[in-house]
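Student:
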Amino acid sequence: MKMRDTNFDPDNQYLNKLEGINFQPIFIMGVQRSGTSILYKILTATQLFNQVTAYHLIKYPEILHNHINNKEQNVKKDLADYFKQHFQSDRGIDSLNITPDFPEEYGFLLGQKTEQARLTPKNLPIFVELCKKIQFISDSNGPLLLKNPWDFSNFTYIKQVFPNAKFIFIHRNPLKTLNSQIKAMRYLLKNKSNYMALLSPGYNHIFNNKLQLTYYRFLYSSNTPLRVNSAIKTLTENADYFLKNIELLNEEEYICVRYEDMCKDPEPTISKIIEFLGLKIKSNIPYCDFIKTRETILLKEIQIRKLIIFKKMKAYLSYCGYSEKDMGQDG
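Using the working numbering, the first residue of the sequence shown is number 22, and each one after it goes up by one.
1) Determine which residues share a DSSP beta bridge with Leu167 and list them.
2) Am I right that Tyr343 and Asn225 are in contact with their C-beta atoms under 8 angstroms? What's the rounded C-beta distance?
3) Roughly how many whole angstroms lie between the Cα atoms of Thr290 and Val52?
4) What do you reckon, are the CB atoms on Gln202 and Arg315 nearer than 8 angstroms?
5) Shortest alpha-carbon distance to Leu167 belongs to which of Lys231, Asn200 and Phe70?
6) Going by other Cβ atoms of all chains shown within 10 Å of its Cβ, with 16 needed for buried, is Glu258 buried or exposed?
7) Nearest by alpha-carbon distance to Phe263: which of Leu219, Phe173, Leu220 and Gly41 is it?
8) Taking the alpha-carbon of Gly41 as reference, which of Glu268, Ser242, Leu78 and Glu150 has the nearest alpha-carbon?
9) For Ala138, which residues in the same chain have their Cβ closer than 6 angstroms to its Cβ, ignoring the five residues on either side in sequence?
10) For the segment 163 to 228, which segments carrying the beta strand (DSSP E) assignment without a break, of at least 3 residues, lie completely within its bounds, in sequence order?
11) Check Glu142 in the structure and name its three-state DSSP category.
12) Going by DSSP, what residues sit across from Val278 in a beta bridge?
13) Please return the same chain residues whose Cβ sits closer than 8 angstroms to the Cβ of Asn43, not counting the five positions on each side in sequence.
14) DSSP has Gln72 in a bridge; who is on the other side?
15) Between the Cα of Met283 and the Cα atoms of Thr57, Ala260 and Leu269, which residue gives the shortest distance?
16) Alpha carbon to alpha carbon, how far is Phe228 from Ile323?
17) How many angstroms separate the CA atom of Val182 from the CA atom of Phe104?
18) Assign Asn271 to buried or exposed, taking buried as 16 or more other Cβ atoms, counted over all protein chains shown, within 10 Å of its Cβ.
19) So, with DSSP's three-state summary, where would you put Pro82?
20) How far does the alpha helix (DSSP H) with Arg238 in it reach, from first residue to last?
21) DSSP three-state call for Pro307: helix, strand or coil?
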C-alpha cells in the first residue's frame with residue numbers, strides 16, 4: 022500500500038470545493054517523545070476538534086472523493102483490516118493503538134511530498150490543502166487540532182503565516198525525553214514497522230538498503246556516542262529557540278503544560294487547555310483511562326550525561342519548573 026502523487030488523484034476534480042474554506046489552527050508543540058501523541062489523542066477524544074488522522078495521510082489523494090461519494094467508511098474499514106493483517110495492535114514505541122482514526126502528524130505528508138517534515142514556504146500550499154480538505158469533510162465550525170514535533174522550533178514562522186493560530190506547548194523532563202527518543206529509534210530500526218513505512222518513505226528506504234540500515238543501527242547503538250550527543254545538541258537548540266522566541270507570542274496565543282502533570286492527574290491539565298481555547302467540554306471523559314504509566318529506566322548513555330544535560334539546559338529547566346532533583350543532580 023503506497024501513498025500516491027499523481028495528476029490523476031481522485032480528489033483533483035473536487036479541489037474547487039475548497040475555495041472559501043477557512044480553518045482555525047491549533048498546534049500542539051513539543052519535541053519528539055515529549056507527550057504530543059497522548060495529548061493529541063486525549064484532546065481529540067473530547068470531540069471538540071477536527072484532527073489529522075492516519076486515514077487522512079495514507080489515503081490523502083482520495084479523501085474528498087471518498088467523502089463526497091459516501092465511500093469513507095468502507096475505505097476506513099478496508100484500511101483497518103489491512104492494519105490487522107500487517108501490523109501489531111499498537112505502535113510498539115508506546116501503547117497507543119493504531120486505527121485509521123489515530124491522530125497523526127501532518128509532517129509525514131510534508132515529508133512524503135517535499136522531503137521536509139517541517140513547515141516551509143515550499144510545502145505550505147500542501148499543508149493548507151490538507152487542512153482545507155479535513156475541514157471540508159469534518160465539522161466546518163470546529164477548530165483544527167494539529168501536531169508535528171518537527172515544528173516545535175518553528176512557531177515564529179507558523180505564527181507569521183497563520184496569525185490566528187494558537188499553540189499548546191507540552192514540556193517533558195529532558196532526561197526522559199532523550200531516553201525515549203533513543204529507545205524509540207532503536208525499536209524502529211530493530212524490526213521494520215509496516216505502519217511507519219506507510220507513513221514515511223524515508224524510513225521504508227532505510228530497510229530496503231542493507232548498508233544504510235546497518236549504518237543507522239550502529240549510529241543509534243550503545244557502541245558510539247554520536248547519536249546521543251547529537252540528540253542532546255538538538256534538544257538543547259530546540260529549548261534555546263523556545264526561550265528566545267516565546268515572548269514573541271502574547272498570553273492569548275499560547276499555553277504551556279507539562280507531560281508529568283498530565284500523567285499524574287490529566288483532568289486539570291486538559292481542563293486548563295479547554296478553558297484557554299474558550300471551549301466547553303461536551304461530556305465527562307475518563308482522561309485517566311488514556312494514561313498508562315510505565316517505569317522509566319534511563320539508558321546508561323543518558324545516565325552518564327545527566328550533568329552535561331543539566332548544565333546545557335538549566336535555563337529551560339527553570340522555565341518549566343524542573344528542579345535539580347528531577348534531573349538527578351541532588352547529590
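We put the beta carbon where it would ideally sit given N, CA and C, even for glycine. Quick caveat, the model's predicted, so the values are computed rather than measured.
Tutor: The short version:
1) On the sequence shown, position 146 is the one that residue 167 refers to. Leu167 is bridged to Phe48.
2) The residue labelled residue 343 in the question sits at position 322 within the sequence shown. The residue labelled residue 225 in the question sits at position 204 within the sequence shown. That pair is no contact at about 37 angstroms.
3) Against the sequence shown, residue 290 aligns to sequence position 269. Against the sequence shown, residue 52 aligns to sequence position 31. When rounded, the distance between both Cα atoms is 19 angstroms.
4) Residue mapping note: residue 202 aligns to position 181 of the sequence shown, counting from 1. Residue mapping note: residue 315 aligns to position 294 of the sequence shown, counting from 1. Against a cut-off of 8 angstroms, the Cβ pair of Arg315 and Gln202 comes out as no contact.
5) As a position in the sequence shown, residue 167 is number 146, starting the count at 1. When C-alpha distances from Leu167 are compared across Lys231, Asn200 and Phe70, the shortest belongs to Phe70.
6) Counting from 1 along the sequence shown, the entry for residue 258 is found at position 237. Glu258 should be labelled exposed.
7) Counting from 1 along the sequence shown, the entry for residue 263 is found at position 242. Comparing alpha carbon positions, the residue from Leu219, Phe173, Leu220 and Gly41 closest to Phe263 is Phe173.
8) As a first step, residue 41 must be located in the sequence shown, where it is residue number 20. The residue with the shortest Cα to Cα distance from Gly41 is Glu150.
9) Mapped onto the sequence shown, residue 138 falls at position 117. Excluding residues up to 5 positions away in sequence, Gly128, Leu131, Gly132 and Trp171 lie with their Cβ nearer than 6 angstroms to the Cβ of Ala138 in the same chain.
10) The qualifying runs are 165 to 168 and 187 to 192.
11) The residue labelled residue 142 in the question sits at position 121 within the sequence shown. The question names Glu, but residue 142 is Pro in the sequence shown. Reduced to three states, the DSSP call for Pro142 is coil.
12) Working through the sequence shown from its first residue, we reach residue 278 at position 257. Partner residues in the beta bridge of Val278, as assigned by DSSP, are Ile191.
13) Position 22 of the sequence shown holds residue 43. Closer than 8 angstroms at the Cβ level, and outside the excluded window around Asn43, lie Gln156.
14) Taking the sequence shown and counting its residues from 1, the one referred to as residue 72 is at position 51. Leu166.
15) In the sequence shown, residue 283 corresponds to position 262, counting from 1. Checking every option, the nearest Cα to that of Met283 belongs to Thr57.
16) One-based indexing of the sequence shown puts residue 228 at position 207. One-based indexing of the sequence shown puts residue 323 at position 302. Using only the alpha carbons, I get a separation of about 27 angstroms.
17) On the sequence shown, position 161 is the one that residue 182 refers to. On the sequence shown, position 83 is the one that residue 104 refers to. Note on geometry: alpha-carbon atoms of Val182 and Phe104 lie some 36 angstroms from one another.
18) Taking the sequence shown and counting its residues from 1, the one referred to as residue 271 is at position 250. Burial call: exposed.
19) Taking the first residue of the sequence shown as 1, we reach residue 82 at position 61. Assigned with DSSP and collapsed to three states, Pro82 falls in helix.
20) Mapped onto the sequence shown, residue 238 falls at position 217. Run containing Arg238: Lys231 to Leu240, per the alpha helix (DSSP H) assignment.
21) The count along the sequence shown starts at 1 and reaches residue 307 at position 286. Note: Pro307 maps to coil in three-state DSSP.
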